[in-house]
Amino acid sequence: MKEETKLKDGDFCQVVNGTHKGKTGTATDFNISKTGHLTITVVQENGDRLKTLGRNAVAISK
Numbered sequence: 062m063k064e065e066t067k068l069k070d071g072d073f074c075q076v077v078n079g080t081h082k083g084k085t086g087t088a089t090d091f092n093i094s095k096t097g098h099l100t101i102t103v104v105q106e107n108g109d110r111l112k113t114l115g116r117n118a119v120a121i122s123k
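If you want this note's numbering, it's the position in the sequence shown, counting the first as 1, plus 61.
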């Protein structure tokens with residue numbers, strides 16, 4: 062069983078599943094979609110932004 066850390070605004074995170082798998086950045090803009098799922102915006106160090114589901118991202122140490 063893997064240890065899960067609650068992702069907070071401003072945390073450095075890595076996307077572990079989905080379209081953006083392997084990308085890292087700062088987690089911002091937490092929203093609950095109409096269907097009830099958590100979505101986050103990840104801002105990469107180069108300034109690019111990507112949207113992913115909250116369950117697809119985990120907090121990591123920089």
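Glycine included, C-beta positions come from ideal geometry on N, C-alpha and C.
Query raised in the report: Going by Cα to Cα distance, which pick from 67, 121, 89, 109 is closest to residue 101?
Result: Indexing the sequence shown from 1 puts residue 101 at position 40. Here the closest residue by C-alpha is 89.
Query raised in the report: Do the CB positions of residue 120 and residue 70 come within less than 7 Å of each other?
Result: Translated into positions along the sequence shown, residue 120 becomes position 59. Translated into positions along the sequence shown, residue 70 becomes position 9. Cβ atoms of residue 120 and residue 70: not closer than 7 Å.
Query raised in the report: By the 10 Å Cβ neighbour count, where 16 or more other Cβ atoms means buried, how is residue 86 classified, buried or exposed?
Result: By 1-based counting over the sequence shown, the position of residue 86 is 25. When all chains shown are included, residue 86 counts as buried.
Report task. Identify whether residue 92 lies in helix, strand or coil by the three-state DSSP scheme. Result -> In the sequence shown, residue 92 corresponds to position 31, counting from 1. Here residue 92 sits in strand by DSSP.
**Report entry** Beta-carbon contacts of residue 115 that lie in its chain and below 8 Å, excluding the five residues immediately before and after
**Finding:** As a position in the sequence shown, residue 115 is number 54, starting the count at 1. Excluding five sequence positions before and after residue 115, the CB atoms of its chain that fall closer than 8 Å to its own CB belong to 68, 91, 98, 99, 100, 101, given in chain order.
Report task. Could you pull out every residue in the same chain whose Cβ sits closer than 7 Å to the Cβ of residue 94, ignoring the five residues on either side in sequence? Result -> To locate residue 94, count along the sequence shown from 1; it is residue 33. A distance below 7 Å between beta-carbons, with the five flanking residues on each side excluded, links residue 94 to the following residues of its chain, in chain order: 100.
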